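**Student:** Residue numbers (the working numbering), protein chains in the order written: chain F, 1227 to 1647; chain A, 1227 to 1647; chain R, 1227 to 1647; chain D, 1227 to 1647.
We put the beta carbon where it would ideally sit given N, CA and C, even for glycine.
Being a predicted model, the structure only gives us computed values, none of them experimental.
I'd like to ask you about the structure that follows.
There are 4 protein chains.
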Amino acid sequence: MWLNFWRRLSGNNNKSGERAPITHNCLKNVLTLAQIVGIFPVGNVRNSDPSKVEFRFKSWKILYAFLISFGFLFCGGFSFYKSMTVGILLNQLISPLFFIHAFITSLCFYNLAYKWPDFLTHWTKIEDHVLKNYKTTADLYKRIQYSGVAMVIVALLEHALSVCNYVYSSTCQNDAEGAEHIFKKQFHFIFTYMPYNFVSGLVLTFISWTATVVWNFGDIFIILISIIMTERFRQINLKMKITTEEICTRYNSADGKALWRQIREDYDNMNNIMRSLDQLLSNLVLLSYSCNLTFILIQLFNSLRQMGSIIEGIYFFYSFGFVISRIVFVSIFGAFINEESQAALPYLTSLPSEFYNEEIQRLITQIHVDSVALTGHNFFRVTKGLVLSVAAAIITYELVLIQFNQATLNKYMTANETICF
Amino acid sequence: MWLNFWRRLSGNNNKSGERAPITHNCLKNVLTLAQIVGIFPVGNVRNSDPSKVEFRFKSWKILYAFLISFGFLFCGGFSFYKSMTVGILLNQLISPLFFIHAFITSLCFYNLAYKWPDFLTHWTKIEDHVLKNYKTTADLYKRIQYSGVAMVIVALLEHALSVCNYVYSSTCQNDAEGAEHIFKKQFHFIFTYMPYNFVSGLVLTFISWTATVVWNFGDIFIILISIIMTERFRQINLKMKITTEEICTRYNSADGKALWRQIREDYDNMNNIMRSLDQLLSNLVLLSYSCNLTFILIQLFNSLRQMGSIIEGIYFFYSFGFVISRIVFVSIFGAFINEESQAALPYLTSLPSEFYNEEIQRLITQIHVDSVALTGHNFFRVTKGLVLSVAAAIITYELVLIQFNQATLNKYMTANETICF
Amino acid sequence: MWLNFWRRLSGNNNKSGERAPITHNCLKNVLTLAQIVGIFPVGNVRNSDPSKVEFRFKSWKILYAFLISFGFLFCGGFSFYKSMTVGILLNQLISPLFFIHAFITSLCFYNLAYKWPDFLTHWTKIEDHVLKNYKTTADLYKRIQYSGVAMVIVALLEHALSVCNYVYSSTCQNDAEGAEHIFKKQFHFIFTYMPYNFVSGLVLTFISWTATVVWNFGDIFIILISIIMTERFRQINLKMKITTEEICTRYNSADGKALWRQIREDYDNMNNIMRSLDQLLSNLVLLSYSCNLTFILIQLFNSLRQMGSIIEGIYFFYSFGFVISRIVFVSIFGAFINEESQAALPYLTSLPSEFYNEEIQRLITQIHVDSVALTGHNFFRVTKGLVLSVAAAIITYELVLIQFNQATLNKYMTANETICF
Amino acid sequence: MWLNFWRRLSGNNNKSGERAPITHNCLKNVLTLAQIVGIFPVGNVRNSDPSKVEFRFKSWKILYAFLISFGFLFCGGFSFYKSMTVGILLNQLISPLFFIHAFITSLCFYNLAYKWPDFLTHWTKIEDHVLKNYKTTADLYKRIQYSGVAMVIVALLEHALSVCNYVYSSTCQNDAEGAEHIFKKQFHFIFTYMPYNFVSGLVLTFISWTATVVWNFGDIFIILISIIMTERFRQINLKMKITTEEICTRYNSADGKALWRQIREDYDNMNNIMRSLDQLLSNLVLLSYSCNLTFILIQLFNSLRQMGSIIEGIYFFYSFGFVISRIVFVSIFGAFINEESQAALPYLTSLPSEFYNEEIQRLITQIHVDSVALTGHNFFRVTKGLVLSVAAAIITYELVLIQFNQATLNKYMTANETICF
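Here it is, written out as structure tokens:
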């Protein structure tokens, strides 16, 4: 109730679209986009009250989401079958992997959507408390919107280039023209086995653009959530810093212990919520890293191939840089959570001994012993150092990929045949 | 005495085969299977009283076990000799490695059986205490039986496929038919040097099926024991969680310290028993990882070979997936112990300061400083991250294997000769 | 004021060029050299009062620095363009990388210069306190001067050899003589596209020598700063050691707690200042490692090439050893900070229990939990172990470089053509 | 004085060659052997009083040591020159590396001998205290003698095989017979450039056998010292274990604190002495690992070569196994120190809370925070895990070695020429 009241209150003060920068509000637009492309099927996502968000099995959203998912699986299956019949060349696996990854991402988001309302209710309670008691350090609402929009645009641009590349670079043996020509080229893996049809071409185009957004949405979601959690930890750290400085200058220890206890408990709440969030996101994180790694490995291998045309070159380097950026950005933004959650340590160790009490000692112990991070089911922790480990892993795996695909490589080297894809 | 009494009591209450889910009862059936295939020769393994389990040097079980072990060594020696005479091609090493590994596994289990009664007596005491005072979180008895049966079946299926592959894929120059044909093909490494004999064929078949179970039993045993230990830690963690929540809601600190002291001492007992268990299993763990790594490396190398027939292909991929699953499952289930033994940390750091006492502080210190895990003689710790390290190691070693076997590789590439094995 | 007074006082006592060995005085000459080559454009760098150091946007130094930076960019751009037109052979990338790296280094130093005055003021306050209360362990002033001069000379020698190599080893198709001959060879990437001109030749020579110093100045600066910080930690550690020994022998605990409190606070100040310094230097550290790694990788690859002449061989090995030394020295000197900041632990744990108090406990906690090091934006920590990691990384990346440049390698192997560079 | 007295006393009690198993006595024979082969030139090494051990610059031992060292350098120089003139093939580098490594080892031992007396005096004081107050767990004196003798014999066997290999496998163009034949073959790198002479042949033989012992003595010394230090830590741990058990059974806390304080201080002394020892041995450790790594890499590369004769094959595998054993044994025995120094943690965490006091808390902190190990100048820590890291490093470096020596490899493959070495 109080929550509602405060929301309305703040709604009165700043009518011009500004809201309390709680997670629900920040992610509102992004999640709406997600629902348009058929993932994250929770109800009332645009409702201003986070406790109204709900997941119902019997809803149109679920049905729509299932249809889209099936579309991904359908395209993925056919394109995988086509690439098998041609004989697996590593560069032909890009298309099937793209659709299958989009399909698995959508499955992960069903799972996430199912658990989201509970998590959100719990988290909003803590977040409200943090927002009331700790100064904000950035305009989170704007930052989330801008980051989200920027990432989606870059992703769509990648797909647009990919379509251009299909249309201009590949030479299929069909004499169709206009839309048919484009559709037949782009969805050759479908229309080899099914008769051409304008409507199904449109549907496939819709699915492929949808798949592009979904394929990227896992990474986008991880990054946006990381930005929010980092900001929350930063708010707590800021308070610790200010408190420490005030204590050092004014030497005023009145109610010091109660204050630190409050801070410690809020920090502890944040830690606990991060642990729930980590469990929620673990599937997505694992999927994101494995998918990005696979794409980088295949694209790096394909870089050994002669580029046919300029547009193929442009597409290749844009797409390659795009996937590398994805893994780097996910790692860095994910790592910020871990970094920020430990950033308060220096303030605590610098406190004069007069104001050093059991609460601070417990806080130091907790920060040291029980540090949080996104983990991917504990197989790895997302820290800055992960970027270097991932780079080393890519290099090593690439070497084996090359050794095991000498045949493919020889094909690349000797002939520059028209592989109709 | 009390132990017996309680056993009988619980036996009365639920007659339909249900027993107290102590380790001895859970493993009873699995260990009986082990004794059928000639390993783990301890007496009274089916006795309901764990303290009656004993290891005697002069027993029929030991004699039987020695005979079987000798059979493994015999087969391993001959098949190694045969592969040496052909000239070592990496794919010919699978057979000798299989038998020699089964032989070493049986040696490890002698050692384990020798120390098992003492360990079991000590462990049952602690386990009974844990079972009485901490709620169970899963039906351990069923889980162990099902897991064990499933793993044995998958293993036997692998061997059946292997036999099929021998019979259908390899072309030996003998004109025998029926059983003789099959025996001569499957045990070519024996019958090249010894005259054929139907009885010895039967005995060899028995030994080879036995070897299959033994070859897998190290991994199965590690996984089942890990499941049990994980459950015990989980029980303690559950109590900590409940206690923490009760304290937070009721603010009832009566006998808080005594309660936490009890929990700490039980956790400490579990830690100590895990350390003994780790020493007991270290040989098996080292053997399991080195064996699985060797098989994966050789099979990965063999994947560069052209498959002769469909059944060879099916067998190859099943067998390869099987060995990979083994190393992954051992790592993950082993890692659960480590994970679960540290999972209580957040509950302890979240305790309100009123109820924070020396016992909790000691518990936090212990969890942080003295965490347990399966280790393999301290050369490595079995944690989730190990899976990634193992993957990286496989890749790197494979590269060198390829460099050092260019000659073998060329043979694979150029000719597809009938290597009679 | 007090600072000034003490400076003047010490200036009176030892007129013969000796000054208080604060960072500002130690680096005075080195920074003057930096300003001659157009980086680190802060004002009053030779003023004896560190608080007078300032950064002004509108100054001749900035203008001069901008001109030099532009020169680097100009040369880098042209030489990159030239190497693109020839077709990228890895050995042709040395020249563009050299200029571009010098350019980026100069950018980093703008940023550093901008933040330097604030940092210096803050740091000098702490440093003065440390110098007054803790014995020095080495003549820092001399050590800095000698190290700096030695490193600059070794760097210039490398460039001189490079010029010789250009003049004697490469065979360009121009019939010019004397200075024109030399200039045209050395700056072939400019004079291929622009008419020759003696003055522009001189300017380019000036820029290329300047670039040499700048290219090395990042590493030199990191090493010198590391020497200073290590000395400061060593001073504090020395005091801890002496205090511990005095306590153990005299058993005189009078004002023990106050003394340890003072030491802890000074150590804490050093830790905090190191953290600021790490943020200041992070760009430089990242740049230094990435640049050195790139050069080592390319040079290691080029070592597969047949050397044309003896002077080419000498230059190659000198230059290769030079870059390896750079990365090793930066790692080792950087690691000394981390090592020295933790070196006091044994003294603290050895203290008799009578003199063990909360201050010492806090100090142990801080040293263990909150250890400082140069980090490169937290992607890696500069410790001794980093040397081995870097070596392993070089090896792994080199393998991929070789795999991806088989074409270049074949050119190296088959023909020894005159690539006019 | 007291030390002397106790020595004489114990000398009286057990006349039959048994002595107090202090380090000085244990190493007496080994160090005498070292002095025979011209390293470790300290005086009074066989004196029963460790405080009489001394290092004097003007002594016959030093002179003798210098002559031997010069011999190593002489042989190393010539054999390196010879291998350069032939064109460096990796297998020709074994001989020069062998002599040069022996030379550097002897340099390290000068340094060690110089610091040995001081260290020994300090260490004997602590050791005597430990021996008096803590039960021994093994007959250290015998173990050291046996281990030392065994390692020296295995090393000499390796050299004997190497000589056989030279004599039987290589075909030099000289028609000498008997001793001359053998000398000319074995020291071809000398007699190619100098006239043959029977006396110089004898001297060279003496130097080469001496070099064999020296080449291994670094590793032997590290292993023996590790055995001693591990035993000392084990003694302290045993006392902790017994004390803990006594406390738990008798619940007798009388003078508990004083007892634990004594244990903590002894443990702390051991830690400090280990740190000094680590600094003393760091050069040797670094040298040992780098040398063994180099030999393994070269031998692994040479394994790609066709073996000429059976004796060449036997020598090759014995020698290869020998170097691998060296690095593994050094790592494992070195790691035991680290393992044993942390093995007491479980006893301390298991103590009932009544007997838990500040001393125990400090001991836990120290074991956790300040653990000792041999380190090699902090570049790496000698732990069990190091074995796996070294294996991975060997594999990776080998890959690059192969890439960079394709030419050598081709020579190996194509021709089996008589390279007269």
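State whether the region 1403-1414 of chain R contacts the region 1480-1491 of chain R, with contact taken as three or more CB pairs (one from each stretch) at a distance under 8 Å.
**Tutor:** No, the region 1403-1414 of chain R is not in contact with the region 1480-1491 of chain R.
**Student:** Strictly under 9 Å for the Cβ-Cβ distance: is E1491/D near chain R by that measure?
**Tutor:** By this cut-off, E1491/D is an interface position.
**Student:** So for E1403/A, helix, strand or coil by DSSP?
**Tutor:** DSSP places E1403/A in coil when its eight states are reduced to three.
**Student:** For S1576/R and R1490/D, I'd like the C-alpha separation in whole angstroms.
**Tutor:** For S1576/R and R1490/D, the distance between alpha carbons rounds to 9 Å.
**Student:** Quick one: which chain R residues come within Cβ less than 7 Å of D1494/D?
**Tutor:** Those within 7 Å of D1494/D in chain R are T1575, S1576.
**Student:** If the criterion is Cβ atoms closer than 9 Å, does the pair A1386/D and W1441/D meet it?
**Tutor:** No, Cβ-Cβ distance for A1386/D and W1441/D is not below 9 Å.
**Student:** What are the residues in the region 1599-1613 of chain F lying within 9 Å of chain R by C-beta distance?
**Tutor:** Hits within the stretch, in order: T1609, K1610, G1611, V1613.
**Student:** With a threshold of 6 Å on Cβ separation, who are the neighbours of N1240/F within its own chain once the five nearest residues in sequence on each side are excluded?
**Tutor:** Bear in mind that the predicted position of N1240/F carries a pLDDT of just 44, short of 50, making it unreliable; the figure below should be weighed with that in mind. Excluding positions up to five away in sequence, the list is empty.
**Student:** Which residues bound the alpha helix (DSSP H) around N1495/R?
**Tutor:** Start and end: 1482-1528.
**Student:** Work out the CA separation of L1289/D and I1433/D for me, nearest whole Å.
**Tutor:** So the alpha carbons of these two residues sit roughly 15 Å apart.
**Student:** Within the 9 Å Cβ cut-off, does V1556/R reach chain F?
**Tutor:** Output row for V1556/R: interface = no.
**Student:** Let me check one thing: in DSSP terms, what residues is E1280/A bridge-paired to?
**Tutor:** According to DSSP, which records beta bridges pairwise, E1280/A is partnered with G1269/A.
**Student:** Say whether chain A places a C-beta atom closer than 9 Å to the C-beta of V1458/F.
**Tutor:** Val is not the amino acid found at residue 1458/F; the sequence shown has Arg there. So no, R1458/F is outside the interface.
**Student:** Got a sec, what are the start and stop residues for the alpha helix (DSSP H) M1377/A sits in?
**Tutor:** Segment 1366-1395, the alpha helix (DSSP H) holding M1377/A.
**Student:** Run the CB neighbour count on I1451/F, radius 10 Å, all protein chains shown included, and call it buried at 16 or more, exposed below.
**Tutor:** Label assigned to I1451/F: buried.
**Student:** Compare the beta carbon distance of I1499/A and W1349/A with 9 Å and say whether it is the shorter of the two.
**Tutor:** Against a cut-off of 9 Å, the Cβ pair of W1349/A and I1499/A comes out as a contact.
**Student:** Taking all protein chains shown into account, decide if D1596/R is buried (16 or more other Cβ within 10 angstroms of its Cβ) or exposed.
**Tutor:** With 16 or more other Cβ atoms within 10 Å, it is buried.
**Student:** Suppose the cutoff is 8 Å on Cβ atoms and the five residues either side in sequence are ignored; what does the same chain contact list for E1730/F look like?
**Tutor:** This structure does not reach residue 1730/F, given that chain F is present from 1227 up to 1647, and the question cannot be answered.
**Student:** So with CB distances below 7 Å, who are the chain E contacts of L1589/A?
**Tutor:** Looking at the structure shown, chain E is missing, and the protein chains on hand are F, A, R and D.
**Student:** Alpha carbon to alpha carbon, how far is L1430/R from S1305/R?
**Tutor:** If you take the alpha carbons of L1430/R and S1305/R, they lie about 13 Å apart.
**Student:** Taking the Cβ atom as the reference point for each residue, do V1268/R and F1281/R lie within a distance shorter than 9 Å?
**Tutor:** Yes, they are a contact pair.
**Student:** Check the Cβ of N1498/D against every Cβ in chain R and list those closer than 8 Å, keeping chain order.
**Tutor:** Going along chain R in sequence order, the residues near N1498/D (Cβ under 8 Å) are P1572, S1576.
**Student:** Return helix, strand or coil for V1263/A, following the three-state DSSP convention.
**Tutor:** Coil.
**Student:** Within the 9 Å Cβ cut-off, does R1501/F reach chain A?
**Tutor:** At least one chain A Cβ lies under 9 Å of R1501/F.
**Student:** Would you report the Cα separation of F1548/A and G1374/D, rounded to the nearest angstrom?
**Tutor:** Rounded to the nearest angstrom, the two C-alpha atoms are 46 Å apart.
**Student:** Shortest alpha-carbon distance to Y1367/R belongs to which of D1492/R, E1584/R, R1458/R?
**Tutor:** It is R1458/R whose Cα lies nearest to the Cα of Y1367/R.
**Student:** In whole angstroms, what separates the C-alpha of K1351/F from that of A1599/F?
**Tutor:** Computed Cα separation, rounded: 21 Å.
**Student:** Between the region 1599-1618 of chain R and the region 1507-1516 of chain F, are three or more C-beta pairs nearer than 8 Å?
**Tutor:** No, the region 1599-1618 of chain R does not touch the region 1507-1516 of chain F.
**Student:** K1361/A by DSSP, collapsed to three states: which one?
**Tutor:** Three-state result, K1361/A: coil.
**Student:** Which residues, taken in chain order from the region 1614-1631 of chain D, show a beta carbon closer than 7 Å to some beta carbon of chain A?
**Tutor:** Hits within the stretch, in order: L1614, A1618, I1621, T1622, E1624, L1625, I1628.
**Student:** Run the CB neighbour count on M1455/D, radius 10 Å, all protein chains shown included, and call it buried at 16 or more, exposed below.
**Tutor:** Answer is buried; the Cβ neighbour count reaches 16.
**Student:** Anything in the region 1518-1547 of chain F with a Cβ closer than 8 Å to a Cβ of chain R? List those residues in chain order, please.
**Tutor:** If the cut-off is 8 Å between Cβ atoms, the region 1518-1547 of chain F has S1529, L1530 near chain R.
**Student:** Short check: CB of D1445/F to CB of N1518/F, under 9 Å?
**Tutor:** For D1445/F and N1518/F, yes; Cβs fall inside 9 Å.
**Student:** Cα separation between I1370/D and R1501/A?
**Tutor:** Computed Cα separation, rounded: 30 Å.
**Student:** Can you pull out the residues from the region 1351-1365 of chain F whose beta carbon lies closer than 7 Å to at least one beta carbon of chain R?
**Tutor:** Going along the region 1351-1365 of chain F in chain order, one finds no residue with a Cβ nearer than 7 Å to chain R.
**Student:** Report the rounded CA-to-CA distance for L1383/D versus Q1261/D, giving the unit in angstroms.
**Tutor:** Looking at the two C-alpha atoms, the distance is approximately 21 Å.
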